[in-house]
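Notes follow the structure.
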């Protein structure tokens, strides 16, 4: 099979041939192509709580009810995603893990898309502000035996854990995670500067949705935002939906983190849903505006999660001139892949054929026309 388009990197017209799920060749083509047809690697979203009215954090009557998420994300160019399970009762987290394992066993399209699990909590800060919408009653100190139990239930699928570095046993816990191939990310934290340094030295390599999950007001200095920005060994994920971070903040993060800045959606179940009032099991009465802002119904100034997706995050960066098309695309594909799968290459001969073809519209908006996962067409407009 083959697919043609203009390379996301430099706009050159290319032809990619692939077989048995692997890219055989990438060659220039003399065939005239629409300059707005852009071809690049599929997006990797390492923080997906839910999508299209479906929630990974709710027990389903049938695990196959979750299968729609992968299919909807394929339409957005997301070829790989990590279901993200947030703070909950440990036994409930086990049940949520087991239904994702069951889903992958029963549904090939979900199995191909879900290449890891992200556990966001319960080892986060119990402080109001940093803990965000996570239920306080279930927040606990890092517990390696608990993670071992979950990992057995997940059949080794847990690839990422977000925790706060403020816990007394954080360093030893992080070291154990790293020894077992789990990416540790600092997030929802009230840690001191030294605690963050210790976490980085222990092996933490990412900040989860930097700039969010924080106090509304923080000390001028020191504070946990400067501490994370200062560490070259910490990459940072951001939510680029126009609501979680102002453009000028993203601009500063970009200047500091450079090639270590990447995108996540942190999408909740209402992502991709029509505007209106809804009730969430976490967050309660909420409103989703036509512009895509999800906030508490009683207080429009308080966000109730992200109702975006990673493709629109790429478009937001391009539209606001916060990154070039090539870099914005890599922030949603190559960079997260490099973190969670260090040996996994994209968009090269010999790489897995995870590809998307998009049409670029005015102001940087990207429309996904075709999605290829492991050399298989999983979406076509």
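Residue numbers (our numbering): 315 to 695.
Built from N, CA and C at the ideal position, the CB exists for glycine as well.
Quick check: the Cα distance between residue 615 and residue 605, rounded to an integer number of angstroms?
Residue numbering aside, residue 615 sits at position 301 when the chain shown is read from its first letter. Residue numbering aside, residue 605 sits at position 291 when the chain shown is read from its first letter. Residue 615 and residue 605: Cα-Cα distance of roughly 14 angstroms.
Can you say whether residue 502 is buried or exposed, counting buried as having 16 or more other CB atoms within 10 angstroms of its CB?
Position 188 of the chain shown, counting from 1, holds the residue named residue 502. Its Cβ being crowded by 16 or more others within 10 Å, residue 502 is buried.
Which partner residues does residue 320 have in the DSSP bridge list?
By one-based count along the chain shown, residue 320 stands at place 6. Note: residue 320 sits in a beta bridge opposite 327 and 352.
Have a look at residue 436 and residue 488 and give me their C-alpha separation to the nearest angstrom.
Here the question's residue 436 lines up with position 122 in the chain shown. Here the question's residue 488 lines up with position 174 in the chain shown. Near 14 angstroms, if we compare the C-alpha coordinates of residue 488 and residue 436.
By the 10 Å Cβ neighbour count, where 16 or more other Cβ atoms means buried, how is residue 315 classified, buried or exposed?
As a working note, residue 315 is residue 1 in the chain shown. Its Cβ having fewer than 16 others within 10 Å, residue 315 is exposed.
Do residue 393 and residue 687 have their CB atoms nearer than 8 angstroms?
Within the chain shown, the letter at position 79 stands for residue 393. Within the chain shown, the letter at position 373 stands for residue 687. Their beta carbons are under 8 angstroms apart, which means residue 393 touches residue 687 by this criterion.
Are residue 399 and residue 371 closer than 8 angstroms when you measure CB to CB?
Reading the chain shown from its first residue, position 85 is the one you call residue 399. Reading the chain shown from its first residue, position 57 is the one you call residue 371. Against a cut-off of 8 angstroms, the Cβ pair of residue 371 and residue 399 comes out as a contact.
Would residue 577 be called buried (16 or more neighbouring beta carbons within 10 Å of its own) or exposed?
Position 263 of the chain shown, counted from the first residue, corresponds to residue 577. Flag for residue 577 reads buried.
Is residue 464 near residue 414, with beta carbons less than 8 angstroms apart?
Taking the first residue of the chain shown as position 1, residue 464 is located at position 150. Taking the first residue of the chain shown as position 1, residue 414 is located at position 100. Contact flag unset, no.
So, at 7 angstroms on beta carbons, what are the nonlocal neighbours of residue 673 in its own chain, with the 5 sequence-adjacent residues on each side left out?
By 1-based counting over the chain shown, the position of residue 673 is 359. 350, 351, 681 and 683.
Can you find the residues in the same chain that come closer than 6 angstroms, C-beta to C-beta, to residue 639, ignoring five residues on each side of it along the sequence?
Within the chain shown, numbered from 1, the residue matching residue 639 stands at position 325. Answer for residue 639: 632, listed in chain order.
Go ahead and pull the three-state DSSP assignment for residue 519.
Indexing the chain shown from 1 puts residue 519 at position 205. Reduced to three states, the DSSP call for residue 519 is coil.
Using a Cβ distance threshold of 8 angstroms, determine whether the region 644-658 contacts the region 333-341, with at least three qualifying pairs required.
no
Who are the near neighbours of residue 582 in its chain, counting only those whose CB is closer than 6 angstroms to its CB and skipping five residues on each side?
As a position in the chain shown, residue 582 is number 268, starting the count at 1. 363, 364 and 619, listed in sequence order.
Hey, quick one: how far does the beta strand (DSSP E) through residue 645 stretch, first residue to last?
As a working note, residue 645 is residue 331 in the chain shown. If you look at residue 645, you'll find it isn't in any beta strand (DSSP E); it sits in the alpha helix (DSSP H) that goes 639-645.
How many angstroms separate the CA atom of residue 586 from the CA atom of residue 558?
The sequence position of residue 586 within the chain shown is 272, counting from 1. The sequence position of residue 558 within the chain shown is 244, counting from 1. Cα to Cα, the separation comes out at about 17 angstroms.
Under the assumption that residue 556 contacts residue 446 (Cβ atoms under 8 angstroms), give the Cβ distance between them as a whole number of angstroms.
The sequence position of residue 556 within the chain shown is 242, counting from 1. The sequence position of residue 446 within the chain shown is 132, counting from 1. So it is not a contact: roughly 19 angstroms between Cβ atoms.
The alpha helix (DSSP H) with residue 615 in it runs from where to where?
By 1-based counting over the chain shown, the position of residue 615 is 301. Note, residue 615: premise wrong, no alpha helix (DSSP H); beta strand (DSSP E) at 613-617.
Quick test of your reading: residue 430 and residue 469, contact by CB under 8 angstroms. State the CB separation rounded to the nearest angstrom.
Walking along the chain shown from the start, residue 430 turns up at place 116. Walking along the chain shown from the start, residue 469 turns up at place 155. Rounded, the Cβ-Cβ distance is 12 angstroms, inconsistent with contact.
My output table needs one value for residue 693: the three-state DSSP class, helix, strand or coil.
Within the chain shown, the letter at position 379 stands for residue 693. Note: residue 693 maps to strand in three-state DSSP.
Among the candidates 333, 356 and 433, whose CA atom is the shortest distance from the CA of residue 322?
What you label residue 322 is simply residue 8 of the chain shown in a count that begins at 1. It is 356 whose Cα lies nearest to the Cα of residue 322.
In or out: residue 692 buried (at least 16 other Cβ within 10 Å) or exposed?
As a first step, residue 692 is located in the chain shown; it is residue number 378 there, counting from the start. Looking at its Cβ environment, which holds 16 or more other Cβ atoms inside 10 Å, residue 692 is buried.
With 16 other CB atoms within 10 Å as the buried threshold, where does residue 667 fall?
Taking the chain shown and counting its residues from 1, one reaches residue 667 at position 353. Label assigned to residue 667: buried.
Over what stretch of residues does the beta strand (DSSP E) that includes residue 370 continue unbroken?
Translated into the one-based positions of the chain shown, residue 370 becomes position 56. No beta strand (DSSP E) contains residue 370, which DSSP labels as neither H nor E.
Hey, how far is the Cα of residue 690 from the Cα of residue 623?
Against the chain shown, residue 690 aligns to sequence position 376. Against the chain shown, residue 623 aligns to sequence position 309. Whole-angstrom Cα-Cα distance: 22 angstroms.
At a cut-off of 7 angstroms, is residue 368 close to the ligand FAD when judged by its beta-carbon and the heavy atoms of the ligand?
With respect to the ligand FAD, the structure shown offers nothing to examine, as it has no ligands at all.
Let's test the definition: count the other Cβ atoms within 10 Å of the Cβ of residue 395 and tell me whether it reaches 16, buried, or not, exposed.
To locate residue 395, count along the chain shown from 1; it is residue 81. Flag for residue 395 reads buried.
On the DSSP letters alone, give me the boundaries of the alpha helix (DSSP H) that residue 567 sits inside.
As a position in the chain shown, residue 567 is number 253, starting the count at 1. Residue 567 -> alpha helix (DSSP H) spans 561-571.
Where do the N-terminal and C-terminal ends of the beta strand (DSSP E) with residue 359 fall, by residue?
Mapped onto the chain shown, residue 359 falls at position 45. 357-362 is the span of the beta strand (DSSP E), which, as asked, contains residue 359.
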